[in-house]
Each structure stands twice: as C-alpha cells, then as structure tokens.
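FYI, the numbering for the sequence shown is 0 to 267, going by numbering that gives the first Met the number 0.
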Amino acid sequence: MSHADNQTQPTTTGVGFFRQLWIVVGTSAILATLFTAWTPVGLFTGRLLDTLSNAISEDETDSPALAPVTPTARPRPRIGIVAGHWGSDPGAVCLDGLTEAQVNLNIATLVKQKLAAADFDVDLLEEFDPDLAGYRALALVSIHSDSCDYVNDLATGFKVAAALASARPETASRLTTCIRNRYAGLTGLPYHASSITADMTSYHAFEEIHNDTPAAIIETGFLNLDRQILTQDSDLIAEGITQGILCYIYNEDINGNNILDNLSDEQP
C-alpha cells in the first residue's frame, strides 16, 4: 500500500460514519413522527374530530327514520241485513200506493247505518240476492212488514222467527229473543207469537245461507194500525232492531232486562 493511500483512508471512513449516523437519526425522527400522528389521540384531535362528528350527526339526521311496524288491519265483523221484497216485488201494497218494499228498505238502510257506526261491516241485501248463497256473517236479519189491510183492533205489533229446523237452535233462539226484547222495549209494540206463519219459519234465505250464520226474520208491524210508527218514526224501529242484533253479538244479559213477560201473545 502507498503512502497516498494511507492518507485518504480516514477521510472515507469518516464520511461513511456520519452518513450512517444521519440515516439512523433521520429514520428515528420519521418513525417518531408517524407513531405520534397515528395514535388515537393524534388522529381524533382538533378539526379532524369535529369534521367526523359533524359527518356522523348529518348522517343520522338525513337518514330516514324506520317507519313503525303496523299490523295488518283485520277485517271487521260482518252482518247481513235483508230488505224484504227489495229487488223482487212490492210486497204488501196499501190503497194510497205505499208498498211494503219501500218501508222495509227505509228501515233496513237505517239499521245498516247504525251498525256501521258501531264498527261493523254491513251488507244490505235484496230479497233474492245472489250473495245469500253460502252467506257467512255474525248474523243475518231479514226485515219485513205486515199487511196494509185492516183485520181487527188486535192487528198491531211485531213478530220474530228463526228457521224451524236450525243447525244451531241455541244461537237462533238467542238471536230471536234478543231482537224481541230490545225491539219491544224501544218501540212499545206488542209481540204476537201465535201469529208467526210458515212463511217466516221456512223463509227461503234460511236454506240458502251458510249453516254457521244465525238468522232471523222480523215483521216490524202492521202497515194498517202501525203505519204511523213504521213510516214516521222509522229511526226508532231501526234502533230496536239494531239493539237486538247487538244484544246477540255482545252476548248481553237478556234476563236482567226482560220485559217479554208483559207482552201480548194474542193473535190478531
């Protein structure tokens, strides 16, 4: 090795040492900076924390709230009301042209309105309505009126009947009893059990509807002596029928408010 080579060797070694030292120091500084910057405290401080907080708040505000879950509405209980002779024939015809069908339809319409106000779905049916075939409901009541002809002074009052051969005689009996009781109490009209005819107990609709549907037919009064209350106070007549139906549906106590014992059973 020459003398010149011996003189330059320390210079090269010194430069290399300081270069390595600066690399180590620089690397340490960079790592320290990065470590500080990426800690949770460094990451969520100052304006960055405020920005993220605002973004979350805006997202919660702008997101539509979940709609409350509502149960599917159940169908309301159904009741059938037949307006006697409607859509078929006039029924009894009075000398001045008033027909039984007109009186029946007026009363039946009022009954429908009253039952609808009590939260029931009500079908207003014609005398020979196609919907009567297999009809199912809480109850079916057919509304009729009696003769316009004068018979005697006892030809006044109403009567109610169910099917002569009912699949459920106990329910049919309760329905007719409820109607008799409530109708008599509100109208003051007498009841004539002995004047019930085969046309009532064998009423055609009784054979057409479903066996599960309790049914009754009511003759609301005579269009001769009872004409005034049937035509001029038809709302009271309708209320009596409505209360009778509700008595049956709500299983109200009949015996506790029984006025039938004092009613007439005389045949006109």
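Note that beta-carbon positions come from the ideal geometry of N, C-alpha and C, so glycine has one too.
T176 and L139 have their C-alpha atoms roughly 14 Å apart. Contact between the stretch 246-254 and the stretch 125-133 is not established, with fewer than three Cβ pairs separated by less than 8 Å. A distance below 7 Å between beta-carbons, with the five flanking residues on each side excluded, links F157 to the following residues of its chain, in chain order: Y182, L188, Y190, I217, E218, T219, G220. In this chain, the beta strand (DSSP E) harbouring F221 covers 214-221.
Nearest to G184 by alpha-carbon distance, out of C246, A115, T212, is C246. Shortest Cα-Cα distance from D148 to any of D211, Q242, V92 involves V92. Put simply, the stretch 95-107 touches the stretch 78-87. At least three CB pairs are less than 8 Å apart. Here E238 has K113, L185 as same chain residues with Cβ atoms under 7 Å from its own Cβ, once five neighbours each way along the sequence are excluded. Runs of the beta strand (DSSP E) lying entirely within the stretch 155-206, each at least 3 residues long, are 158-160 in chain order. Distance from the CA of T170 to the CA of D95, rounded to the nearest whole angstrom, comes to 40 Å. Contact between A197 and A162 does not hold, since the beta-carbon distance rounds to 12 Å and is not under 8 Å. Among the bridge pairs identified by DSSP, H143 is matched with E218.
In the same chain as L235, and ignoring 5 residues on each side of it, the C-beta atoms closer than 8 Å to its own belong to L185, T186, I228, in chain order. Contact annotation, F119 with R167: C-beta distance approximately 20 Å; criterion of less than 8 Å not satisfied. Inter-residue distance for G243 and D152 is about 27 Å (C-alpha atoms, whole angstroms). L123 sits in a strand when the DSSP states are folded into three classes.
With contacts defined by Cβ atoms closer than 8 Å, A136 and R77 form a contacting pair. Rounded to whole angstroms, the separation of the alpha carbons of S165 and S172 is 9 Å. Beta-bridge analysis with DSSP links R77 to D120. Around the beta carbon of S141, 16 or more other beta carbons lie within 10 angstroms, which makes this residue buried.
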